[in-house]
Structures are given as C-alpha cells and as structure tokens.
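Inspection log for the structure reproduced underneath, given as structure tokens.
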Amino acid sequence: GAVVSQHPSRVICKSGTSVKIECRSLDFQATTMFWYRQFPKKSLMLMATSNEGSKATYEQGVEKDKFLINHASLTLSTLTVTSAHPEDSSFYICSARRGESEAFFGQGTRLTVV
Amino acid sequence: EDQVTQSPEALRLQEGESSSLNCSYTVSGLRGLFWYRQDPGKGPEFLFTLYSAGEEKEKERLKATLTKKESFLHITAPKPEDSATYLCAAPNTDKLIFGTGTRLQVFP
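Chain order of the listed sequences is A and B.
The numbering of the first sequence is this note's numbering, which starts it at 1 and goes up by one.
The numbering of the second sequence is this note's numbering, which starts it at 1001 and goes up by one.
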C-alpha cells in the first residue's frame, strides 16, 4: 500500500503555544488530504478536508482559526494547532487519498498540552 | 442520510475461533467499501477495497465480502496478533464515512 508519513508522532507543548503537524504522501500525489481527531476508544472524527491549492473545508464545530490547515502541494499538508490548551490534547491523524481510491493514513500524532 | 454501521461493537474470541464482523451501509451510489485495521496509538492500516456486490478479497486469515447492503470481514482461526479495532468506510463525495469500529480481542 501507499505510504503516508506523519510527523511528529508525539509532542508535548505548553498551553498558549502553537504546534505544527506535518503529513506527507511519500509515493503518490494526494488530491485530497483529511485531518482527524480521535478520542480514546472512539472512532475517527473528521476535522477538515483539504485539496491542494485551495482552502480547507472544515466540519461543523471545528474552529478554523484554531486548527489551521495548509495543503501546500500534492504531497504535503500541515495542521497547526494555535494557542493550544489542555482540551486540545488528543490523537490527531491525517490521511491522503488519490482520486476516488482508498485513503491511506499516517501514524498519528499524540498531542499533550500542559 | 448516508451511514455506515458496524457490529458488534466488541468481540472476544478464543484463538482459533472463527467469526465475522459486519459493516452495513446506506450510501447512495457506492464507490467502494474500505476495510482498515487500527492498533492502539497508531493510524489505521489499509486492508481491502471492495467495489461490487459479490466481490471477495483475502489476506492471510482475513476475507472481506460485499453485498448490496453490507460487507463482512471473516476471520478464520484468529491469533492473538489479530487483536485490533477493525474499521470500515464508504466514500461520500470527497469524504469517507467511517463506522464506529469493532474492537476484536483474541485470547490464547
């Protein structure tokens, strides 16, 4: 299967600071990338969908000014959690999709805000 | 409303005890049904894509099948290393609609 690399895998930051998470499709060009948040023992919660070169589409209830998404190229998308607070602590996962085929996921990022 | 529902929510099996996981969907104009495996603290790992009713795909002890309304993930003679959460998903325009998953535990 295709490879999607997500970095970092774990990050601890202080409350009020910003954190950037990178998602790269290593061996294919991703027309669409997705960002999810996952709470313990729960399923994936879609936060936003991004297409290369255009603004991300956020799901209802997701603050776009807090979770900044940039899809700069067909192989890179970034999620920046701005002014992070402890309630933003979670497991964040990206995925990349080529056309209408299956999506491939990154390894996830465990964010802890202290 | 497009929906994907998985059952059971949790399944405990003895090693070697075969079983099936269910994924039912109500997505108009289905353009694929995807199965993933997720281990704790990791992103989902792609397993299978099924496109049409009657299609079957196999990988080791796993076999996925598809009908017009549901998909099954059959696990034959499972081993403890098959313990994970299994997710199914169906595309809806440019998004994937995920089920809530089945948490499988296989005991030796």
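Just so you know, even glycine gets a beta-carbon here, dropped at the ideal spot from N, CA and C.
All values derive from a computational prediction rather than experimental measurement.
Chain B within 9 Å of residue i, Cβ atoms only
| i | result |
| --- | --- |
| A/LEU46 | yes |
| A/GLY106 | yes |
| A/SER101 | yes |
| A/VAL81 | no |
| A/GLN6 | yes |
| A/PHE67 | no |
| A/ARG98 | no |
| A/LYS64 | no |
| A/SER43 | yes |
| A/THR49 | yes |
Beta carbon proximity, residue i to chain A, threshold 9 Å
| i | result |
| --- | --- |
| B/LEU1030 | no |
| B/ALA1089 | yes |
| B/LEU1096 | yes |
| B/THR1100 | yes |
| B/PRO1103 | It should be noted that the sequence gives Arg, not Pro, for residue 1103 of chain B. Answer yes: the Cβ-Cβ gap between B/ARG1103 and chain A drops below 9 Å somewhere. |
Distance CB(residue i)-CB(residue j) smaller than 9 Å
| i | j | result |
| --- | --- | --- |
| B/LYS1125 | A/THR49 | It is not possible to answer for residue 1125 of chain B, since the shown part of chain B is limited to 1001 through 1108. |
| B/LEU1011 | B/THR1102 | yes |
| A/ALA103 | B/PHE1048 | no |
| A/PHE67 | A/THR82 | yes |
| A/LEU111 | A/SER95 | no |
| A/MET47 | A/HIS71 | no |
| A/PHE39 | B/PRO1044 | no |
| A/VAL19 | A/VAL11 | yes |
| A/SER43 | A/GLY108 | no |
| B/TYR1025 | B/ASP1002 | yes |
| A/THR80 | A/ILE69 | yes |
Nonlocal neighbours in the same chain, by C-beta distance under 7 Å from residue i, ignoring five residues either side
| i | result |
| --- | --- |
| A/THR75 | ARG24, SER25, GLN29, ALA30 |
| B/PRO1008 | THR1102 |
Close Cβ partners of residue i (< 8 Å) along its chain, the five nearest in sequence each way excluded
| i | result |
| --- | --- |
| B/ARG1061 | ILE1075, THR1076, ALA1077, PRO1078, LYS1079, ASP1082 |
| B/GLN1038 | PRO1044, GLU1045, ALA1084, THR1085, TYR1086, LEU1087, GLY1101 |
| B/GLY1032 | THR1049, LEU1050, TYR1051, ALA1090, PRO1091 |
Cβ distance (whole Å) where residue i is taken to contact residue j below 8 Å
| i | j | result |
| --- | --- | --- |
| B/VAL1004 | B/ALA1084 | Wrong, their Cβ atoms sit about 18 Å apart, outside the cutoff. |
| B/LEU1021 | B/LEU1073 | 4 Å |
Sequence-distant residues of its chain with Cβ nearer than 6 Å to residue i (five each side left out)
| i | result |
| --- | --- |
| A/PRO86 | VAL113 |
Q) If contact means a Cβ-Cβ distance below 7 Å, which residues of the region 20-38 of chain A contact chain B? A) THR32
Q) Listed in chain order, which residues of the region 1029-1061 of chain B have Cβ atoms closer than 8 Å to some Cβ of chain A? A) ARG1031, GLY1032, PHE1034, TYR1036, GLY1041, LYS1042, GLY1043, PRO1044, GLU1045, PHE1046, THR1049
Q) Which residues, in chain order, does the region 84-96 of chain A contribute to contact with chain B at a C-beta distance below 7 Å? A) ILE93
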